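Visitor: Chains as they are written, first to last, in my numbering: chain R, 167 to 595; chain S, 167 to 595.
The C-beta atom is built at its ideal place from N, Cα and C for all residues, glycine as well.
Predicted, not measured: the structure shown is a model, and the values here were computed from it.
Once you've had a glance at the structure underneath, I'll fire off some questions.
There are 2 protein chains.
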Amino acid sequence: MKFQAPRGTRDFLPEEMAWHSHLVDTWRRVAIRHGFEQVDGPVYETLDLYKVKSGEGIVSELFHFTDRGGRELAIRPEFTPTLARMVAERANALPRPIKWFATPNLCRAERPQRGRLREHWQWNVDILGLDSAVADAEVLCVAIDFLQQMGLGPEHVRVKLSHREVVRFMLSRLGVADEKMLEAFNLLDRRDKMSGENFTRGAMALGLSKSRVDRFEQMCRRKYSCGNVDHLRRSIAIEEPLAMLDALDEQLTAFGISDFCEYDLGIVRGLAYYTGTVFEIHEATGTERAVAGGGRYDNLIELFGGPVLPAVGLGMGDVVLTNVLRDKGLIPQEVLPRPLVFVVAASDEGARKVPGVVARLRRDGHHTRFSYRSTRNLGKLLREADGARARFVVIIGDGELQLKHLESGEQSSVDLEELSRRLHFPAGA
Amino acid sequence: MKFQAPRGTRDFLPEEMAWHSHLVDTWRRVAIRHGFEQVDGPVYETLDLYKVKSGEGIVSELFHFTDRGGRELAIRPEFTPTLARMVAERANALPRPIKWFATPNLCRAERPQRGRLREHWQWNVDILGLDSAVADAEVLCVAIDFLQQMGLGPEHVRVKLSHREVVRFMLSRLGVADEKMLEAFNLLDRRDKMSGENFTRGAMALGLSKSRVDRFEQMCRRKYSCGNVDHLRRSIAIEEPLAMLDALDEQLTAFGISDFCEYDLGIVRGLAYYTGTVFEIHEATGTERAVAGGGRYDNLIELFGGPVLPAVGLGMGDVVLTNVLRDKGLIPQEVLPRPLVFVVAASDEGARKVPGVVARLRRDGHHTRFSYRSTRNLGKLLREADGARARFVVIIGDGELQLKHLESGEQSSVDLEELSRRLHFPAGA
Chain R
167 MKFQAPRGTR DFLPEEMAWH SHLVDTWRRV AIRHGFEQVD GPVYETLDLY
217 KVKSGEGIVS ELFHFTDRGG RELAIRPEFT PTLARMVAER ANALPRPIKW
267 FATPNLCRAE RPQRGRLREH WQWNVDILGL DSAVADAEVL CVAIDFLQQM
317 GLGPEHVRVK LSHREVVRFM LSRLGVADEK MLEAFNLLDR RDKMSGENFT
367 RGAMALGLSK SRVDRFEQMC RRKYSCGNVD HLRRSIAIEE PLAMLDALDE
417 QLTAFGISDF CEYDLGIVRG LAYYTGTVFE IHEATGTERA VAGGGRYDNL
467 IELFGGPVLP AVGLGMGDVV LTNVLRDKGL IPQEVLPRPL VFVVAASDEG
517 ARKVPGVVAR LRRDGHHTRF SYRSTRNLGK LLREADGARA RFVVIIGDGE
567 LQLKHLESGE QSSVDLEELS RRLHFPAGA
Chain S
167 MKFQAPRGTR DFLPEEMAWH SHLVDTWRRV AIRHGFEQVD GPVYETLDLY
217 KVKSGEGIVS ELFHFTDRGG RELAIRPEFT PTLARMVAER ANALPRPIKW
267 FATPNLCRAE RPQRGRLREH WQWNVDILGL DSAVADAEVL CVAIDFLQQM
317 GLGPEHVRVK LSHREVVRFM LSRLGVADEK MLEAFNLLDR RDKMSGENFT
367 RGAMALGLSK SRVDRFEQMC RRKYSCGNVD HLRRSIAIEE PLAMLDALDE
417 QLTAFGISDF CEYDLGIVRG LAYYTGTVFE IHEATGTERA VAGGGRYDNL
467 IELFGGPVLP AVGLGMGDVV LTNVLRDKGL IPQEVLPRPL VFVVAASDEG
517 ARKVPGVVAR LRRDGHHTRF SYRSTRNLGK LLREADGARA RFVVIIGDGE
567 LQLKHLESGE QSSVDLEELS RRLHFPAGA
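Structure, rendered in structure tokens:
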């Protein structure tokens with residue numbers, strides 16, 4: 167019998183896992199230094215939870231099943247419904263603002279394609295209870311700090327910002343009726359993935375004339391650099407969302423990240439629940455799917471039975487990010503943990519002492535390995551230690567322990583009680 | 167609409183998550199220092215994978231579903247089948263011995279009870295390709311190092327060791343037929359969870375007379391301390407498994423963990439695939455389910471289509487372990503990450519500088535928070551910083567930055583360029 171990993175999933179062998187852990191650890195480390203606290207929820211939820219914001223249509227995209235009690239359940243395809251449930255249940259007991267992050271694995275029952283697998287990991291960062299552009303800016307700031315940590319600068323990745331109300335105003339002026347607005351958002355969101363012909367057909371189905379479709383297309387393609395909200399103001403007469411963008415612009419500058427950001431009214435995000443700012447982070451040349459996406463969802467907690475609570479959040483998946491980093495040569499070659507010390511026996515008497523020395527070094531916190539072979543040939547054993555990329559070798563013979571620093575070749579005798587303290591270079595110090 | 171976490175699952179709010187992360191991080195840190203490399207697999211596998219070693223009977227204990235292509239899939243209830251698949255697929259390309267660990271979440275479709283939830287996390291530690299008691303001892307050694315790290319000593323937890331072939335020999339001598347052997351193992355495994363009456367009924371169903379049932383019972387209750395294999399030798403005439411226990415005994419002593427271990431022939435482990443050494447780690451008074459369990463499974467890789475490969479492994483779940491640690495007061499009160507610095511504004515001009523200072527500190531790697539409130543009252547702001555358990559406060563007014571060490575009250579002015587270097591006590595140094 168032969169088995170394989172299910173389609174669209176990954177096995178993480180030691181090298182891949184070391185990279186994966188590095189990625190998830192960095193998500194965590196950066197989120198914590200930005201004052202976010204980690205949370206998590208179950209890997210499956212009640213199926214109904216996913217219908218709240220996405221309707222019955224979501225069911226075909228989920229892996230769903232029933233338990234013995236006949237309850238309908240589904241593996242989580244995203245984390246936001248779990249977050250909304252957790253917050254809605256306890257909103258009044260939680261100190262505000264709520265700044266949470268999570269690094270869940272998520273599953274989607276779709277056809278796997280580049281940048282989109284059936285199981286992936288996603289960094290979720292959310293601020294709830296803060297109705298201010300500071301929150302929007304902080305969510306972008308933590309994402310950019312992380313991307314910089316991975317070696318990506320403003321020349322590699324771009325934050326494309328928009329605002330649902332600005333887009334709604336412009337679409338409405340073009341002649342899109344209110345009841346067609348979500349459909350128009352979805353069309354806008356899928357624009358980069360469809361032919362010009364299909365886009366035109368979609369736009370005309372919204373009730374737009376041919377000339378209006380062209381203006382729709384132009385509007386999507388126009389970009390504004392940060393600090394340029396006034397430019398937008400000339401063509402848009404609604405003050406409230408522009409004031410929000412002004413405030414955001416000011417915060418992006420204050421947090422020092424405006425060189426990563428630009429306004430792009432072609433960004434709306436397909437999800438129905440965004441209410442204000444929306445954004446995506448893309449590789450600069452636009453060759454990959456979005457590295458991250460998010461925005462304001464001020465009505466969602468109420469929808470899950472909680473109080474009215476303003477909220478803004480971001481999701482960043484591991485698959486597109488890893489593709490982008492690999493393309494740019496930014497994935498480190500050696501991520502596997504490297505042993506500090508390798509213990510070998512130069513005699514049979516020495517061999518009997520190996521487990522005790524190894525156990526002692528490990529208990530003292532040192533990454534320690536030893537040879538499982540029965541050879542006492544020191545040359546062979548040193549080559550094995552070198553192959554394991556150990557920094558030090560402890561040689562146990564009939565006399566005193568010998569400590570050897572592999573790179574320099576320096577060697578000296580050492581007492582077992584002193585050993586742990588001497589594991590730094592030079593070995594004789 | 168109100169939603170709850172599904173039955174038998176857990177929400178991890180920040181405090182619970184901080185503990186959970188600490189647990190998983192410690193599993194990882196200890197495994198790495200013992201020379202194990204981390205791996206992981208998909209959260210679901212093909213349903214057939216779970217039938218290989220457990221038969222059709224396993225299906226009712228799984229959350230299973232079909233994808234659009236009609237493939238039968240199941241959320242992983244244990245990690246060993248994934249490990250066996252991964253090794254079987256690539257056995258000849260992997261350096262030996264293979265020393266792998268994983269910390270997967272696992273799901274079981276059973277009735278939740280104390281120590282057993284529908285979703286839990288498990289530390290899996292396995293050594294493959296090493297047919298020596300050194301491997302068995304190392305697997306126990308890494309588990310004990312971890313338990314000691316959590317504050318548990320030989321007075322708190324006991325490793326109960328047995329050997330399938332020794333138990334088989336004794337059962338056979340009592341009159342259990344070969345074809346009833348697995349049934350006898352299962353009865354032995356469930357003994358602590360059933361009444362004496364039911365145990366007797368089960369034993370008689372194996373074909374044992376009343377007096378043999380009593381001897382069966384006695385055999386299960388006899389314990390042997392480590393270093394006492396000779397004691398066992400007097401009553402058992404089969405040399406091979408005893409020689410294995412002798413070798414194991416020697417290794418447990420050499421690794422310095424024999425004070426945690428004892429032989430207990432009542433331990434067999436229910437799973438059909440164990441072939442040699444079997445063990446469980448229990449809280450010393452025996453009030454909880456096993457903290458960990460494992461043993462040798464020398465035939466399993468072959469069963470999954472791989473080569474013949476000796477193997478020994480251990481699984482430790484998070485639920486029983488957390489119960490044991492909580493009962494003994496060994497769960498630290500404060501596990502939430504503590505901010506190093508809290509930035510406050512003493513004036514409106516200062517407030518405009520806050521985001522820049524905060525972003526700079528975070529980019530320099532420091533856990534930094536700031537006040538979202540508009541107050542400039544320094545007393546209130548210092549109380550907020552204290553409530554957040556920050557160590558330092560940076561006060562931004564119209565003049566120079568002030569750095570204050572909260573515990574000592576020491577305060578001095580500081581230059582922004584110097585700030586990150588000065589975040590240690592005393593603040594003036």
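1) Taking 8 Å as the cut-off, decide whether the C-beta atoms of R555 (chain S) and P505 (chain S) are in contact.
2) Would you tell me roughly how many angstroms separate the C-alpha atoms of R251 (chain S) and W266 (chain S), rounded to the nearest one?
3) Hey, is the segment 384-397 of chain S in contact with the segment 413-433 of chain S, meaning 3+ C-beta pairs nearer than 8 Å?
4) Within the same chain, show all residues whose beta-carbon is closer than 6 Å to that of I264 (chain R), passing over the 5 residues directly before and after it, in chain order.
5) From which residue to which residue does the alpha helix (DSSP H) around Y210 (chain R) run?
6) Between the segment 172-188 of chain R and the segment 203-214 of chain S, can you find at least three pairs of beta-carbon atoms closer than 8 Å?
7) Check V605 (chain S) in the structure and name its three-state DSSP category.
8) Taking DSSP as the reference, what is the three-state secondary structure of V323 (chain R)?
9) Starting from K570 (chain R), follow its DSSP beta bridges and name the residues at the other end.
10) I'd like the ranges of any beta strand (DSSP E) spanning at least 3 consecutive residues and lying wholly in the segment 196-233 of chain S.
11) Let me check one thing: in DSSP terms, what residues is L272 (chain S) bridge-paired to?
12) Report, in whole angstroms, the separation of the C-beta atoms of L239 (chain R) and P172 (chain S), which I expect to be a contact under 8 Å.
13) I'd like to know if Y439 (chain S) contacts chain R, where contact means its C-beta is closer than 8 Å to some C-beta of that chain.
14) Output yes if chain S places a C-beta closer than 8 Å to the C-beta of K219 (chain R); else output no.
15) Kindly indicate the opening and closing residues of the alpha helix (DSSP H) around M370 (chain S).
16) Could you name the residues of chain S that L215 (chain R) contacts, counting a contact when the two beta carbons are closer than 7 Å?
17) Determine the closest residue to T451 (chain R) out of R:L502, R:K326 and R:W287, with distance taken between C-alpha atoms.
18) Let me know the beta strand (DSSP E) ranges lying completely inside the segment 372-447 of chain R, each 3 residues or longer, listed in chain order.
19) Alpha carbon to alpha carbon, how far is A456 (chain S) from I447 (chain S)? Give it in angstroms, no decimals.
20) What are the start and end residues of the alpha helix (DSSP H) that includes L306 (chain R)?
21) Which residues in chain R have a C-beta closer than 8 Å to the C-beta of H532 (chain S)? List them in chain order.
22) What residue range does the alpha helix (DSSP H) around G516 (chain S) cover?
23) Would you grab the beta carbon distance between H329 (chain R) and T443 (chain R) for me? Rounded to a whole angstrom, and I think it's under 8 Å.
24) In the DSSP assignment, the beta strand (DSSP E) including E238 (chain R) goes from what residue to what residue?
25) In the structure shown, what three-state DSSP assignment does E454 (chain R) receive?
26) Along the alpha helix (DSSP H) that carries M482 (chain S), what are the first and last residues, could you check?
27) At least one CB of chain A closer than 8 Å to the CB of Q279 (chain S): is that the case?
28) DSSP state of K546 (chain S), grouped into three classes?
29) If you measure from the beta carbon of P505 (chain R) to each beta carbon in chain S, is any gap under 8 Å?
30) Counting contacts by CB-CB distance shorter than 8 Å, is M385 (chain S) in contact with chain R?
31) Rounded to whole angstroms, how far is the Cβ of G422 (chain R) from the Cβ of G522 (chain S), which I believe are closer than 8 Å?
32) Between L572 (chain S) and F558 (chain S), what straight-line distance do the alpha-carbon atoms span, to the nearest angstrom?
33) Under three-state DSSP, which class holds T192 (chain S)?
34) Identify whether H329 (chain S) lies in helix, strand or coil by the three-state DSSP scheme.
35) If you draw a straight line from the C-alpha of P503 (chain R) to the C-alpha of L491 (chain R), how long is it?
36) Relative to the C-alpha of R280 (chain S), which candidate in S:L411, S:T175 and S:A371 has its C-alpha closest?
Guide: Reading from the atomic positions:
1) Looking up residue 555 (chain S) in the second sequence gives position 389. Looking up residue 505 (chain S) in the second sequence gives position 339. Cβ atoms of R555 (chain S) and P505 (chain S): closer than 8 Å.
2) Your numbering for residue 251 (chain S) matches position 85 in the second sequence. Your numbering for residue 266 (chain S) matches position 100 in the second sequence. Straight-line Cα distance between these residues: approximately 14 Å.
3) yes
4) Taking the first residue of the first sequence as 1, we reach residue 264 (chain R) at position 98. Cβ within range, chain order: L294 and G295.
5) In the first sequence, counting from the first residue as 1, residue 210 (chain R) sits at position 44. Where Y210 (chain R) is concerned, there is no enclosing alpha helix (DSSP H), although the beta strand (DSSP E) it sits in stretches over Y210 to T212.
6) yes
7) Only positions 167 to 595 of chain S appear in this structure, which leaves residue 605 (chain S) out of reach.
8) As a position in the first sequence, residue 323 (chain R) is number 157, starting the count at 1. Here V323 (chain R) sits in strand by DSSP.
9) For this step, residue 570 (chain R) is matched to residue 404 along the first sequence. Answer is R:V559 and R:Q577, bridged to K570 (chain R).
10) 210-212 and 230-232
11) If you number the second sequence from 1, residue 272 (chain S) lands on position 106. DSSP output for L272 (chain S) lists S:H286 as bridge partner(s).
12) Indexing the first sequence from 1 puts residue 239 (chain R) at position 73. Indexing the second sequence from 1 puts residue 172 (chain S) at position 6. Yes, L239 (chain R) and P172 (chain S) are in contact; Cβ-Cβ is about 6 Å, under 8 Å.
13) Position 273 of the second sequence, counting from 1, holds the residue named residue 439 (chain S). It does not: the Cβ of Y439 (chain S) has no partner Cβ on chain R nearer than 8 Å.
14) In the first sequence, the residue the question calls residue 219 (chain R) occupies position 53. Chain S contact via Cβ: absent.
15) Translated into positions along the second sequence, residue 370 (chain S) becomes position 204. From DSSP, the alpha helix (DSSP H) with M370 (chain S) extends over G362 to A371.
16) Counted from its first residue, the first sequence places residue 215 (chain R) at position 49. Simply F169.
17) Along the first sequence, read from residue 1 onward, the residue named residue 451 (chain R) stands at position 285. Taking only the C-alpha atoms, the option nearest T451 (chain R) is R:K326.
18) 389-391 and 427-430
19) Here residue 447 (chain S) refers to the residue found at position 281 when the second sequence is read from its first residue. Here residue 456 (chain S) refers to the residue found at position 290 when the second sequence is read from its first residue. So the two alpha carbons sit approximately 6 Å from each other.
20) Mapped onto the first sequence, residue 306 (chain R) falls at position 140. A299 to Q315 is the extent of the alpha helix (DSSP H) around L306 (chain R).
21) As a first step, residue 532 (chain S) is located in the second sequence; it is residue number 366 there, counting from the start. The contacting residues are R199.
22) Looking up residue 516 (chain S) in the second sequence gives position 350. Here the alpha helix (DSSP H) through G516 (chain S) covers D514 to R529.
23) As a first step, residue 329 (chain R) must be located in the first sequence, where it is residue number 163. As a first step, residue 443 (chain R) must be located in the first sequence, where it is residue number 277. Correct: roughly 6 Å between the Cβ atoms.
24) On the first sequence, residue 238 (chain R) is found 72 positions in, with the first residue counted as 1. Run containing E238 (chain R): E238 to I241, per the beta strand (DSSP E) assignment.
25) Residue 454 (chain R) sits at position 288 when you count from the first residue of the first sequence. Looking at E454 (chain R) - three-state DSSP - the assignment turns out to be coil, as it is neither helix nor strand.
26) The residue you call residue 482 (chain S) lines up with position 316 of the second sequence. Taken as a continuous stretch (DSSP letters only), M482 (chain S) belongs to no alpha helix (DSSP H), being part of the beta strand (DSSP E) at A477 to G483.
27) Here the protein chains are R and S, and chain A is not one of them.
28) Reading the second sequence from its first residue, position 380 is the one you call residue 546 (chain S). Looking at K546 (chain S) - three-state DSSP - the assignment turns out to be helix.
29) Within the first sequence, the letter at position 339 stands for residue 505 (chain R). So yes, P505 (chain R) belongs to the interface.
30) Indexing the second sequence from 1 puts residue 385 (chain S) at position 219. No - not a single Cβ of chain R is within 8 Å of the one on M385 (chain S).
31) Numbered from its first residue, the first sequence carries residue 422 (chain R) at position 256. Numbered from its first residue, the second sequence carries residue 522 (chain S) at position 356. That pair is a contact at about 6 Å.
32) Against the second sequence, residue 572 (chain S) aligns to sequence position 406. Against the second sequence, residue 558 (chain S) aligns to sequence position 392. Near 6 Å, if we compare the C-alpha coordinates of F558 (chain S) and L572 (chain S).
33) Within the second sequence, residue 192 (chain S) is the residue found at index 26, counting from 1. Helix.
34) Your numbering for residue 329 (chain S) matches position 163 in the second sequence. Reduced to three states, the DSSP call for H329 (chain S) is strand.
35) Within the first sequence, numbered from 1, the residue matching residue 503 (chain R) stands at position 337. Within the first sequence, numbered from 1, the residue matching residue 491 (chain R) stands at position 325. When rounded, the distance between both Cα atoms is 21 Å.
36) As a working mapping, residue 280 (chain S) is identified with position 114 in the second sequence. Ranking S:L411, S:T175 and S:A371 by Cα distance to R280 (chain S) puts S:T175 first.
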